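Remarks on the structure that follows.
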Amino acid sequence: MTSLRLALYQPDIPGNTGTILRLAACLGFAVDLIEPAGFDISDRNLKRAGMDYIAAAALTRHVSWDRFEAWRLTTGRRLILASTKAAERYTDLSFRPDDVLLFGRESAGVPDQVHETADARVLIPMVEGQRSINVAVSAAMIVGEAMRQTVWA
1 MTSLRLALYQ
11 PDIPGNTGTI
21 LRLAACLGFA
31 VDLIEPAGFD
41 ISDRNLKRAG
51 MDYIAAAALT
61 RHVSWDRFEA
71 WRLTTGRRLI
81 LASTKAAERY
91 TDLSFRPDDV
101 LLFGRESAGV
111 PDQVHETADA
121 RVLIPMVEGQ
131 RSINVAVSAA
141 MIVGEAMRQT
151 VWA
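In this note's numbering, the protein residues as written are 1 to 153.
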């Protein structure tokens, strides 16, 4: 298990959350879910979304952004935000083993306050005119690069 973590800010779509939890279980990183979510995040619903992988995923639920941020600051972890508004490509950032990779709501990203809190902001370059890549796919791409640099190097 790596110390790298992925945080989901108030996710909207249970299928994406389940896919990310499955990825986390298979690659060995932890997931922080920042509430409130846009769906019922009961263990039963998460199990349905994440299938049988949910039991193997290291999931921590935070009841609010403030609680998550307090936890993060006490652990001294750097916060890396994936954002279409960022200027730095995710492949250009030097990731650290204890980074927290933050992904926003599928419908709205993160509020400005959260955006400004991030220690770094990264983007996935896209073809002009396209809005965004699915959050689970984006998470897989960025986690893969972070693990390539910190775990698999």
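All C-beta atoms in this analysis are idealised placements derived from N, C-alpha and C, irrespective of residue type, glycine included.
It should be emphasised that the depicted structure is a prediction, and the values quoted were computed from it without experimental measurement.
Assigned exposure category for residue i - 16 Cβ within 10 Å defines buried
i    : result
D32  : buried
A82  : buried
E116 : exposed
S138 : buried
A136 : buried
Q143 : What sits at residue 143 in the sequence shown is Val, not Gln. Classification for V143: buried.
R121 : buried
L73  : exposed
T60  : exposed
Alpha helix (DSSP H) segment containing residue i, residue limits
i    : result
R32  : Note on residue identity: the sequence assigns Asp, not Arg, to residue 32. It is not in any alpha helix (DSSP H) - D32 instead sits in the beta strand (DSSP E) that spans 30 to 34.
A25  : 14 to 27
L6   : Element bounds for L6: not the alpha helix (DSSP H) but the beta strand (DSSP E), 5 to 9.
R67  : 65 to 75
T117 : 112 to 117
Assigned secondary structure, residue i (DSSP; H/G/I helix, E/B strand, else coil)
i    : result
F39  : coil
R105 : strand
L93  : coil
R131 : coil
A136 : helix
A86  : coil
I124 : coil
Nearest-angstrom Cβ-Cβ length linking residue i and residue j, presumed shorter than 8 Å
i    : j    : result
I34  : W65  : 6 Å
Y9   : R105 : 6 Å
V100 : A7   : 5 Å
S94  : Q130 : In fact, because the Cβ distance is near 27 Å, the residues do not count as touching under 8 Å.
L102 : I133 : Not really, about 16 Å apart at Cβ, beyond 8 Å.
D40  : S107 : About 17 Å separates the two Cβ atoms, so there is no contact after all.
Start-to-end residues for the beta strand (DSSP E) that takes in residue i
i   : result
T60 : 59 to 62
Inter-stretch contact at 8 Å, needing at least 3 Cβ pairs: the region 84 to 104 / the region 115 to 128: Segments in contact, yes.
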